[in-house]
Amino acid sequence: MEKMPIGAYIKQQREAKGWSQEFLCEGVCSRTTLSRIENDSQAPSFTTLNKLFEKLGLPSRQFLMLADMPSIEADNLQKKIRNNSVLCQETEGEERARLLEQFQKDLERLETLCGKDNPLFRQFALSTQVTAGRPDGPYSSGERLDMLLEAIRLTVPLFDLEKIAAFRYTETEIVLINKLARTYSRAGNRKKAISISRQLLKYIEKNNQSLDSYARQFCLVAYNYAHDLALEKKYKDAICYAEKCREAGNANGYYNFLPECMAIMGECYFFLGDRERSADCYTQAFYLSKAYGNKRDLAIVRQEMREHLGLEMPS
């Protein structure tokens with residue numbers, strides 16, 4: 041018997057229960073993602089597919105029959121490529137060259153699994169290449185902006201940085217928009233970065249609070265927003281969003297940005313003249329960074345505490 045496409049199968053099971061797309065995707069993925077999966081224009085990740093089957097009440101053996109080895113391999117490759125792209129950004133010399141070579145080999149294998157003309161593969165490749173950089177170093181700000189805009193317009197052709205709320209986005213597209221904001225910030229155009237982050241945060245708060253990935257999305261954007269506000273000396277606003285990031289992370293068990301948020305608040309309170317609060321926030325940032333083993337952030341916090349407050353932290 042011919043196997044039914046997985047997207048059509050999910051749609052059939054959803055409609056048999058009389059469920060809307062909004063109901064099925066709640067807490068699993070965005071409605072946009074589910075629509076693309078059901079139309080077989082996007083291959084679901086192993087994790088997303090598992091969650092959809094669990095919510096539909098389908099037995100795991102059906103899930104395993106439909107989740108073939110190429111799709112599982114593609115999901116694992118994506119995770120490996122993302123991790124290596126970040127490592128490429130953070131290393132130098134022979135180690136960077138080795139990582140870039142492996143990064144390219146994994147991209148080529150993923151292309152074989154997904155298809156060269158698959159827009160989602162092309163989008164993923166552009167996004168991770170922006171992070172990894174070229175063999176001779178990082179891309180220029182102009183190159184990064186061009187690549188990121190090309191990537192998001194593969195799936196949102198009419199995307200406009202001035203009208204972010206006009207469209208619906210997957211988590212991948214939200215990451216791309218956040219990267220655009222970071223690129224503008226690093227290029228010195230923080231007002232543009234702040235505008236992008238402000239629009240994106242409003243979108244996430246309005247549309248994505250029911251998703252499992254809400255805290256991850258919100259904290260990612262809120263941290264960068266608070267960071268840029270602090271650089272623009274909008275200290276009270278920066279504290280407000282760093283605190284919102286901290287609260288969202290704590291409420292949802294997502295603590296990745298907690299040390300950085302506490303450091304932002306420590307710096308802002310110092311410039312607002314509240315040395316006691318500044319010292320308290322910096323101290324929390326220091327010990328959190330130490331607990332997470334983040335040597336780079338630990339060194340930054342130690343230096344700022346010494347320069348701003350005259351405090352020496354233990355090595």
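Residue numbers (our numbering): 41 to 355.
Backbone N, C-alpha and C define an ideal beta-carbon position, used for all residues, glycine too.
All values reported here derive from a predicted model rather than from experimental measurement.
Take the Cβ of Leu364 as the centre, count every other Cβ of all protein chains shown within 10 Å, and call the residue buried at 16 or more, exposed below.
This structure leaves residue 364 out entirely; the chain is present only between 41 and 355.
Since I believe Thr171 is in contact with Gln129 (beta carbons under 8 Å), could you give me their beta-carbon distance rounded to a whole number of angstroms?
Between Gln129 and Thr171 a beta carbon distance of about 6 Å is seen, short of the 8 Å cut, so the two are scored as contacting.
Tyr265 versus Gly313, Ala48, Lys231 and Glu141, residue with shortest Cα-Cα distance
The residue with the shortest Cα to Cα distance from Tyr265 is Lys231.
Hey, quick one: how far does the alpha helix (DSSP H) through Leu216 stretch, first residue to last?
Residues Glu211 to Arg226.
Only counting runs of 4 or more residues, tell me where the alpha helix (DSSP H) segments fall wholly within the stretch 108 to 153, in order along the chain.
Every alpha helix (DSSP H) stretch that sits fully inside the stretch 108 to 153 and reaches 4 residues is listed by chain position as 109 to 130.
Selected residue, minimal CA-CA separation from Leu189, among Leu220, Phe207, Ser125 and Gly293:
Checked all of Leu220, Phe207, Ser125 and Gly293; the closest Cα to Leu189 is Leu220.
Return the residue from the list Ile214, Ala165, Lys57 and Ala303 that minimises the CA-CA distance to Ile279.
Out of Ile214, Ala165, Lys57 and Ala303, Ala303 has the C-alpha closest to the C-alpha of Ile279.
Which first and last residues belong to the alpha helix (DSSP H) in which Pro159 is found?
Where Pro159 is concerned, the enclosing alpha helix (DSSP H) stretches over Pro159 to Ala172.
Cβ-based neighbour list, Ile112, same chain, cut-off 6 Å, excluding 5 preceding and 5 following
For Ile112, the CB contacts under 6 Å within the same chain, skipping 5 residues up- and downstream, are Phe86 in chain order.
Cβ distance (whole Å) where Leu147 is taken to contact Ala114 below 8 Å:
Here Leu147 is actually not in contact with Ala114; their C-beta atoms are around 12 Å apart, not less than 8 Å.
Segment limits, alpha helix (DSSP H) that includes Ile204
Element bounds for Ile204: n/a, residue is neither H nor E.
Can you tell me which of the three DSSP states Gly177 falls into?
In the structure shown, Gly177 sits in a strand (DSSP, three-state: E or B).
Let me confirm a value: Glu42 is counted as buried when at least 16 other C-beta atoms fall within 10 Å, else exposed. Which label applies?
Low local confidence applies: a pLDDT of 42 at Glu42 is under 50, so the model's placement there is unreliable, and no value is given.
Inter-stretch contact at 8 Å, needing at least 3 Cβ pairs: the stretch 79 to 96 / the stretch 139 to 146
In this structure the stretch 79 to 96 does not touch the stretch 139 to 146; the number of beta carbon pairs closer than 8 Å is below three.
Which of the three DSSP states is assigned to Asp80 in this structure?
In this structure, DSSP gives Asp80 a state outside helix and strand, which the three-state scheme calls coil.
Quick one: what does DSSP say Arg336 is sitting in, helix, strand or coil?
The answer is helix: DSSP assigns Arg336 an H, G or I state.
Which class does Leu194 belong to by DSSP, given the choice of helix, strand or coil?
In the structure shown, Leu194 sits in coil (DSSP, three-state: anything other than H, G, I, E or B).
Proximity below 7 Å, CB of Leu153 to CB of Ala191:
No. Outside cutoff.
Under 7 Å between the Cβ atoms of Tyr243 and Ala233?
The answer is no: Cβ separation not under 7 Å.
C-beta atoms of Gly289 and Ala255 nearer than 7 Å:
By the CB criterion at 7 Å, Gly289 and Ala255 fall inside the cutoff.
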